[in-house]
Structures are given as C-alpha cells and as structure tokens.
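If you're matching positions, the sequence shown starts at 15 in the working numbering and goes up one per residue. Even for Gly, the Cβ is constructed at its ideal location relative to N, Cα and C.
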Amino acid sequence: MPVVSGPAYTEVAMGLANELNMQYLPTETRRFPDGEGYLRTPVEGFNSMRSEPVIVVSSTFPDNGIVQTMMMLAGVADIQRGDLSNLKGEGEQNLDDSGRRILLAVPYYGYARQDKRFSAGEVIAAGVIADHLATACDGIVILDIHEPKVLESHKHPIQFVTSVPELSELLSKDVSPDFILSPDKGAIDRARKVAEIIGVPYSYLEKKRIDAHTIEHTPKDLDVSGKIVAIVDDMISTGGTICRASDALRRQGAIEVHAACTHGLFTSGALTRLVKHVDGVYSTDSLSNPRAVVSGAPALARGVKKLLSTL
Ligand code: R5P
15 MPVVSGPAYT
25 EVAMGLANEL
35 NMQYLPTETR
45 RFPDGEGYLR
55 TPVEGFNSMR
65 SEPVIVVSST
75 FPDNGIVQTM
85 MMLAGVADIQ
95 RGDLSNLKGE
105 GEQNLDDSGR
115 RILLAVPYYG
125 YARQDKRFSA
135 GEVIAAGVIA
145 DHLATACDGI
155 VILDIHEPKV
165 LESHKHPIQF
175 VTSVPELSEL
185 LSKDVSPDFI
195 LSPDKGAIDR
205 ARKVAEIIGV
215 PYSYLEKKRI
225 DAHTIEHTPK
235 DLDVSGKIVA
245 IVDDMISTGG
255 TICRASDALR
265 RQGAIEVHAA
275 CTHGLFTSGA
285 LTRLVKHVDG
295 VYSTDSLSNP
305 RAVVSGAPAL
315 ARGVKKLLST
325 L
C-alpha cells in the first residue's frame, strides 16, 4: 500500500510506511517564481495507487500546506479515476476507474486553535478546512489536534490520535521525571495520561494569556521542591508558556525542568529562549525541527489502521 507525502513530511511519512509495512512514494514539488506550488504525483506508483488504498501524509500548516494537501489528494484521485491524460502523451492516457480509496494522515492540523466564535462574524477555520479536505478523501487521521472539540461533530470519518505513549516513553527513559505539569488547565488530560504511564503525580498551572506573546501564570503551590519536572503541552510556539511555567516551577524548588510537546513550531527564536529556562526540549517529528526526537508515525499508524478497516 502506498504512503505519499511532500518533502516537508518525508520523515514522518517514511516512519508511517515502515510502521504499516507499506511503500513510501515521495511527490515531486517545487515553487514557481511567484511562489505558487507545483506538484506531481509519483509516476512509479501509479499501479499500486490504483490497486490499493493510498495514505496521503500532509498538514494544514503553514497556509500553503492546505493547498499542497488539496493538490495531493486531487492528484491521487485522478490516478485512481484513471485520468492520466497529459499533453506530452506520455504513457497510458485513460484507464478504468479503480475507485477512490484515499486516507489523509495529518501530522499537524493547523487552524485548530479557534474552537469557538467569540464575536459575530468570526470563522471557525478548522471546520471549513475539514469540510474541503473530507470531500477529497475517505477519512482523516489527525495527530494531537489542539482542540478535538472543534471537529468532533464533523460528519466525515476522523480519527484523533495521540503521541502521548511515545512521548511518555521518551521522558521515562531520558528524563525520569518525578512530576508532570500541564502549563494550563485545558491541557490537563494530556499531563494526566503521561503521569499515569510514567507513574508519577501531576498538576497544572492557571494560565492567563494577555496577548499572543505574553502570558501570566497565577501562583499555585506545587509539590515540586527538589524534583525533576516535565512540562507537557500539545505545541510549543513562541516558548512563552513553557518559559513562564518553568520559572514558576523553579521558584518552588524544582531542580530540573524539561519540556515535551507533540508539535514543535518553535517560532520567533523560541529555542534560543527556551534553553535559558529549561534543561531539555523534546518534540515529535510532526513538524521538522531540531528537537524532533520522537516519531509521530506510531500514533498516525494506529489511526490509519482503524480507518482502513472501514474502507
Ligand atoms: C495553548 O493553549 C497551547 O496548548 C500552547 O500552550 C500554546 O500554544 C503555546 O504557545 P507559546 O509557546 O507561544 O506560549
């Protein structure tokens, strides 16, 4: 069975192919001088793409990731429909319709932060994007979406999967934390699961976001004196949340603070800032980054297996 991806997701897509004992096929991509994208589905995979379901690995981040994802799904659908027509007259032009069987595996679902309409006229982008993508494939697997509620009532098949088991294993092996902390109440479930797997206590901090770059943590007594603490979050962007949480932990006597997340966005010099506040930073390879030490592939594979059984 073929697993297809663009270059940004080669690592996680190859990992997924490996997990599922499938064949990895890279797509050819480039940019036109005006920045628009070009994409060609892999010629050598035409036969397997027509005879078996295809797993497309692609994210909705950054913005051009949405376009690339749509192009990839459309390219695979053309092949499965038998439309190979081309102006050069290369190879077969039209084949029988082999039937569409495409699953989309999304390592990082961008646009999931806004899950509510706070003011009239606001658009819940995650739903809009899912509506478009879902009509172009037969099921979507999403790794550690920021807020699952935003797509929970979506009418198409969506599997939400998590890298918590793999992140917990890494923390247990490399950090041996005594305590797990969620930097805000909303992410407490993730911290609880990690803490349960490792077998240590957990808690959360009350976080107030002032703006995109400024957050405040309300002081809270935590039993972290003399302890090694791992802060666990779904994503690290500017690093502000982790730096402030780490400062709060050290004020309460933590001797080591580590930060682990699924999605290492690391914007605006985040890593440079983080290393001044924490002893270690770990993420999955859902986004390519220098701290991607955990594979997102096993989690995606769990979701793909479930959806494959429904095709
Ligand atoms: C917020 O709800 C998220 O789970 C993260 O805590 C947040 O996006 C991290 O952002 P930053 O690294 O910019 O503080």
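Does the Cβ of Ala140 have 16 or more other Cβ atoms within 10 Å, making it buried, or fewer, making it exposed? Burial call: buried.
Do Asp299 and Val289 have their beta-carbon atoms positioned less than 9 Å apart in this structure? Result no, Cβ atoms of Val289 and Asp299 do not sit closer than 9 Å.
Would DSSP call Ala311 helix, strand or coil? Collapsing the DSSP output to three states places Ala311 in a helix.
Does the separation of the CB atoms of Met15 and Pro67 fall below 9 Å? Yes.
By the DSSP assignment, the beta strand (DSSP E) with Gly51 in it spans what residues? In this chain, the beta strand (DSSP E) harbouring Gly51 covers Gly51 to Arg54.
Closer than 8 Å to a non-hydrogen atom of the ligand R5P - does that hold for the CB of Ser153? One detail in the question is off: residue 153 reads as Gly in this sequence, not Ser. Answer for Gly153: no, Cβ out of range of the ligand R5P.
Euclidean distance between Cα positions of Asp48 and Val57: Cα to Cα, Asp48 sits roughly 26 Å from Val57.
So what's Arg127 in DSSP terms, helix, strand or just coil? Look at Arg127 here: in three-state DSSP terms it is coil, with no helix or strand label.
Please go through the same chain and pick out, in chain order, the residues whose beta-carbon is closer than 8 Å to the beta-carbon of Val243, but skip the five residues on each side of it. Beyond the five residues adjoining it in sequence on each side, Val243 comes within less than 8 Å, by CB distance, of Pro191, Asp192, Phe193, Ile194, Leu195, Leu263, Ala268, Glu270, Val271 and His272 in the same chain, given in chain order.
Residue ranges of each alpha helix (DSSP H) within the stretch 273 to 324, 4 or longer: Restricting attention to alpha helix (DSSP H) runs no shorter than 4 residues, the stretch 273 to 324 encloses them at 284 to 288 and 311 to 322, ordered along the chain.
Between Tyr216, Arg44 and Ser239, which has its C-alpha nearest Asp198's C-alpha? In this structure, Tyr216 is the residue among Tyr216, Arg44 and Ser239 with its C-alpha nearest to the C-alpha of Asp198.
Regarding Ile159 and the ligand NAD, is the C-beta to nearest heavy atom distance less than 8 Å? Among the ligands present in this structure, namely the ligand R5P, the ligand NAD is not found.
Close Cβ partners of Met84 (< 8 Å) along its chain, the five nearest in sequence each way excluded: For Met84, where only same-chain residues beyond five positions count, the Cβ hits under 8 Å are His146, Leu147 and Ala150.
Which full runs of the beta strand (DSSP E) of 3+ residues lie inside the stretch 60 to 100, going along the chain? Counting only runs of 3 or more, we get 68 to 71.
With a CB to CB cut of under 8 Å and the five nearest residues on each side skipped, what residues in its chain are close to Gly51? Taken in chain order, the residues that qualify are Thr43, Arg44, Arg45, Asn78, Val81, Gln82 and Met85.
Selection from Leu301, Val142 and Val214 that minimises the alpha carbon distance to Ile250: Nearest of Leu301, Val142 and Val214 to Ile250, Cα basis: Leu301.
Taking only runs of the beta strand (DSSP E) that begin and end inside the stretch 147 to 228, which ones reach a length of at least 3 residues, in chain order? Taking only runs of at least 3 residues, the beta strand (DSSP E) segments lying wholly in the stretch 147 to 228 are 154 to 157, 172 to 175, 193 to 196, 216 to 218 and 220 to 225.
Using 9 Å as the limit for Cβ to Cβ distance, is Ser260 near chain D? Judged by its chain identifiers, the structure shown contains no chain D, having just a single protein chain.
Tell me the DSSP bridge mates of Asn108? Answer is Asp97, bridged to Asn108.
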